[in-house]
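J.:
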Amino acid sequence: NAGVTQTPKFRILKIGQSMTLQCAQDMNHNYMYWYRQDPGMGLKLIYYSVGAGITDKGEVPNGYNVSRSTTEDFPLRLELAAPSQTSVYFCASSYELNTEAFFGQGTRLTVV
Amino acid sequence: DAKTTQPNSMESNEEEPVHLPCNHSTISGTDYIHWYRQLPSQGPEYVIHGLTSNVNNRMASLAIAEDRKSSTLILHRATLRDAAVYYCILRDDFNFGNEKLTFGTGTRLTIIP
Numbered sequence: 468n469a470g471v472t473q474t475p476k477f478r479i480l481k482i483g484q485s486m487t488l489q490c491a492q493d494m495n496h497n498y499m500y501w502y503r504q505d506p507g508m509g510l511k512l513i514y515y516s517v518g519a520g521i522t523d524k525g526e527v528p529n530g531y532n533v534s535r536s537t538t539e540d541f542p543l544r545l546e547l548a549a550p551s552q553t554s555v556y557f558c559a560s561s562y563e564l565n566t567e568a569f570f571g572q573g574t575r576l577t578v579v
Numbered sequence: 011d012a013k014t015t016q017p018n019s020m021e022s023n024e025e026e027p028v029h030l031p032c033n034h035s036t037i038s039g040t041d042y043i044h045w046y047r048q049l050p051s052q053g054p055e056y057v058i059h060g061l062t063s064n065v066n067n068r069m070a071s072l073a074i075a076e077d078r079k080s081s082t083l084i085l086h087r088a089t090l091r092d093a094a095v096y097y098c099i100l101r102d103d104f105n106f107g108n109e110k111l112t113f114g115t116g117t118r119l120t121i122i123p
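Here the protein sequences come in this chain order: V and P. To convert, take the position in the first sequence, counting from 1, and add 467; that gives the numbering used here. To convert, take the position in the second sequence, counting from 1, and add 10; that gives the numbering used here.
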């Protein structure tokens with residue numbers, strides 16, 4: 468039981484490049500979330516999903532896309548990376564709304 | 011969405027109890043009160059949650075006011091490892107379409123050796 472696994476842990480992108488941040492959970496959780504956290508700031512919700520095939524926007528979705536083709540995986544796609552997307556990205560999952568949410572260790576992304 | 015208000019920062023001495031307050035005056039009857047914390051350079055971790063009654067677990071206790079407009083997270087004996095940002099969050103279990111898990115600014119807890 469690995470919990471929530473995020474890959475990669477670190478990445479440097481050039482402006483205009485694209486990449487996918489991977490998030491996988493092995494707990495059969497229905498709910499999955501993507502956050503970004505800028506230095507010294509709180510977590511901002513980017514996208515979330517309540518189950519396979521269902522996704523919805525959070526507080527800061529612009530510049531990102533997600534998909535949820537399986538219960539286990541919730542990848543976050545960055546198209547045309549910009550310096551403003553330099554941040555630490557966290558993925559989380561929970562079984563139901565009012566159960567414990569588990570977080571991954573984060574992906575530190577730098578766009579130069 | 012019901013909002014929460016927390017102090018920006020607090021300090022406490024090591025090995026003493028810590029009481030972290032949270033105000034949620036617009037809480038609805040179906041809102042659960044959740045607490046998470048984020049240690050430096052780590053992702054958030056769940057601490058505790060409750061609806062009406064006080065709750066205890068191995069990490070902390072949650073004291074909920076009778077009118078539910080405020081709650082307090084209690085760390086019984088703070089250690090240096092408890093230095094973190096603590097977030098108080100409301101989650102409505104019955105409001106479909108409101109499945110977001112959003113974080114405010116939290117309380118930064120400093121433990122003084």
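All C-beta atoms, glycine included, are put in the ideal place defined by N, C-alpha and C. Note that this is a predicted model, so its numbers are computed, not measured.
Since PHE557 of chain V is in the beta strand (DSSP E), which residue starts that stretch and which ends it?
T.: Working through the first sequence from its first residue, we reach residue 557 of chain V at position 90. Counting along the chain, the beta strand (DSSP E) containing PHE557 of chain V begins and ends at 554–561.
J.: Just checking: is the beta-carbon of TYR96 of chain P within a distance shorter than 9 Å of some beta-carbon in chain V?
T.: The residue labelled residue 96 of chain P in the question sits at position 86 within the second sequence. Closer than 9 Å: no.
J.: Can you name the residues that DSSP bridges to VAL533 of chain V?
T.: To locate residue 533 of chain V, count along the first sequence from 1; it is residue 66. Note: VAL533 of chain V sits in a beta bridge opposite V:LEU543.
J.: Going along the region 474–506 of chain V in order, which residues come within less than 9 Å of chain P, judged by CB to CB distance?
T.: Within the region 474–506 of chain V, the qualifying residues are TYR498, TYR500, TYR502 and GLN504.
J.: What I want to know is whether the C-beta of ALA88 of chain P ends up closer than 8 Å to one or more non-hydrogen atoms of the ligand GDP.
T.: Here there are no bound small molecules, and the ligand GDP is not part of this structure.
J.: Assign ARG87 of chain P to one of three DSSP states: helix, strand, or coil.
T.: Here residue 87 of chain P corresponds to residue number 77 of the second sequence, with the count starting at 1. Correct three-state label for ARG87 of chain P: coil.
J.: Under 8 Å Cβ-Cβ, which residues of chain V neighbour LEU111 of chain P?
T.: The sequence position of residue 111 of chain P within the second sequence is 101, counting from 1. Residues of chain V passing the Cβ test: TYR498, TYR500, LEU512, TYR515, ALA559, SER561 and ALA568.
J.: With DSSP run on the structure shown, which of helix, strand or coil describes PRO54 of chain P?
T.: By one-based count along the second sequence, residue 54 of chain P stands at place 44. In this structure, PRO54 of chain P counts as coil in the three-state DSSP scheme.
J.: If you check the beta carbons only, do GLU25 of chain P and ALA70 of chain P fall under 9 Å apart?
T.: In the second sequence, residue 25 of chain P corresponds to position 15, counting from 1. In the second sequence, residue 70 of chain P corresponds to position 60, counting from 1. For GLU25 of chain P and ALA70 of chain P, no; Cβs fall outside 9 Å.
J.: Taking the straight line between their C-alpha atoms, what separation do you get for ASN64 of chain P and GLY530 of chain V?
T.: In the second sequence, counting from the first residue as 1, residue 64 of chain P sits at position 54. In the first sequence, counting from the first residue as 1, residue 530 of chain V sits at position 63. Straight-line Cα distance between these residues: approximately 42 Å.
J.: Counting contacts by CB-CB distance shorter than 9 Å, is GLY571 of chain V in contact with chain B?
T.: Among the protein chains in the structure shown, which are V and P, there is no chain B.
J.: Candidates V:ALA491, V:SER560, V:TYR556 and V:ILE479: which alpha carbon is nearest THR472 of chain V's?
T.: Residue 472 of chain V sits at position 5 when you count from the first residue of the first sequence. It is V:ALA491 whose Cα lies nearest to the Cα of THR472 of chain V.
J.: Strictly under 9 Å for the Cβ-Cβ distance: is LEU564 of chain V near chain P by that measure?
T.: The sequence position of residue 564 of chain V within the first sequence is 97, counting from 1. Taking Cβ atoms only, chain P reaches closer than 9 Å to LEU564 of chain V, which makes this a yes.
J.: Could you check what DSSP says for SER22 of chain P in three-state terms: helix, strand or coil?
T.: Looking up residue 22 of chain P in the second sequence gives position 12. In the structure shown, SER22 of chain P sits in a strand (DSSP, three-state: E or B).
J.: For TYR521 of chain V, count neighbouring Cβ atoms within 10 angstroms of its own Cβ and tell me buried if that reaches 16, exposed if not.
T.: The sequence position of residue 521 of chain V within the first sequence is 54, counting from 1. The sequence shown places Ile at residue 521 of chain V, rather than the Tyr named in the question. Exposed.
J.: Going along chain V in order, which residues have a C-beta closer than 8 Å to the C-beta of GLU76 of chain P?
T.: Here residue 76 of chain P refers to the residue found at position 66 of the second sequence. By Cβ distance, chain V contributes nothing, its closest Cβ being about 21 Å from GLU76 of chain P, past 8 Å.
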